[in-house]
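Presented below is the structure to which this report refers.
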Amino acid sequence: MSTIHDVAKLAKVSVATVSRVLNNHPSVSKKTRLSVQNAISQLSYQPNANAQALAVQNTDTIGVVVTDVTDSFFAILVKAVDKVAESHNKTILIGIGYHHAEKEREAINTLLRKRCTCLVVHSKALSDEELKDYLNKVKGMVVINRVIKGYENRCVSLDNQKGTYIATEMLIQCGHKNIAYIGSNHAIFDEVERQTGYLEALKTHNYPIVKHAIVHNSPDFEGGEQAMIDLLSYNKDLTAVVAYNDSMAAGAISVLNENNINVPSQFSIIGFDDMPIARYLIPKLTTIRYPIDLMATYAANLALSLVDESIATPSAIQFNPTLVRRFSVEAAN
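Per numbering that gives the first Met the number 0, the sequence shown starts with residue 0, numbered consecutively.
Here it is, written out as structure tokens:
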């Protein structure tokens, strides 16, 4: 296994310079940084971030890894963790994964190098095995929005499948016969679970799966717009849609309005997450509540309790999705 000394030797720099590159220090020139990065790549060097963090116990900071802070879902998550940190006179450091394994790994390792012994990690791209390795080495790490087998007591999650099942069943009970699903094109567990819930509800109520009634796109407003355009192009009899999240639902409503299809009198739609945007759309969006604020608060308290005996371990909680009824759903004509 390569060491930092091997990297320094190959790059023809000092160990201190390699360390500065690893910590993204601004004093390193572009040429030197590139030389060190090439050496790291050639040697497949992996900094022992866990050992660095654990060598000096420091619980003054809580590290948070999220997918994208521009998404309101993750902004709420970070804010909830920050409130917990503040209540214990601690601060937070944030890493961003952008749905890429390499970025998630880099974010976790950077936080560990900065001596964060408490971590709240939202990871969708890293494998279970790699997350298990981190959980084994980092006592104060908690995974949110995902369950790692064998580490359930350090995972905080929601039943996504149940959420879309509830949403689809509501539309069925309102008399809708042709119900579509707009999903995320990211290869993540949430998408699989949410689509499964939709399909399970159709199966339970003996509804056929309509050809071309399931489309995928980016999980944002623009993705929802394109997905709705595709659905309207493929189908003429659809009267309802279950969306992967509220942003996609908002994009879909925009396209329906542009095509003079009234929501909800002609077309019903249900979102997922219950983000702030859901309350300000026209019409206000019926959606599935994802209590990410409560889940993040619990996760932060749990992470702190794992490394600080003076902080009580919170009681185990089962978080469940709930239907939030607003005005984007009506009975089918």
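A virtual CB, placed ideally from N, CA and C, is assigned to each residue, including glycine.
Contact check, residue i vs residue j, beta carbons under 8 Å
i, j, result
"Ser40", "Ser1", "no"
"Ile165", "Leu322", "yes"
"Arg153", "Val141", "yes"
"Ile268", "Ala295", "no"
"Leu130", "Cys115", "no"
"Thr167", "Ile178", "yes"
"Cys117", "Leu303", "yes"
"Val65", "Ala299", "no"
"Met227", "Ala200", "no"
"Phe266", "Asp245", "no"
Assigned secondary structure, residue i (DSSP; H/G/I helix, E/B strand, else coil)
i, result
"Ile316", "coil"
"Val55", "Here the model assigns Val55 a pLDDT of 47, short of 50, so the residue's position is not dependable and the matter cannot be decided."
"Asp189", "helix"
"Arg288", "strand"
"Ile334", "Here the chain comprises residues numbered 0 to 332, so residue 334 is not present and cannot be evaluated."
"Ile208", "coil"
"Thr66", "coil"
"Val12", "coil"
"Thr296", "helix"
"Val155", "strand"
"Leu280", "coil"
C-alpha distance - residue i paired with residue j, whole-angstrom precision
i, j, result
"Ser314", "Phe72", "24 Å"
"Ala331", "Arg278", "23 Å"
"Ala248", "His98", "21 Å"
"Leu170", "Lys161", "14 Å"
"Asp229", "Ile310", "52 Å"
"Glu85", "Ser122", "24 Å"
"Asn108", "Ser232", "46 Å"
"Gln225", "Ala10", "47 Å"
"Asn184", "Val17", "38 Å"
Beta-bridge partners of residue i, as assigned by DSSP
i, result
"Ser267", "Ala239"
"Gly182", "His215"
"Gly222", "Bridge partners of Gly222: none, in fact."
"Met140", "Leu118"
For residue j and residue i, believed in contact at Cβ under 8 Å, the rounded distance
i, j, result
"Asp67", "Ile95", "7 Å"
"Asp158", "Pro290", "The pair is not a contact, with the Cβ atoms about 12 Å apart (cut-off 8 Å)."
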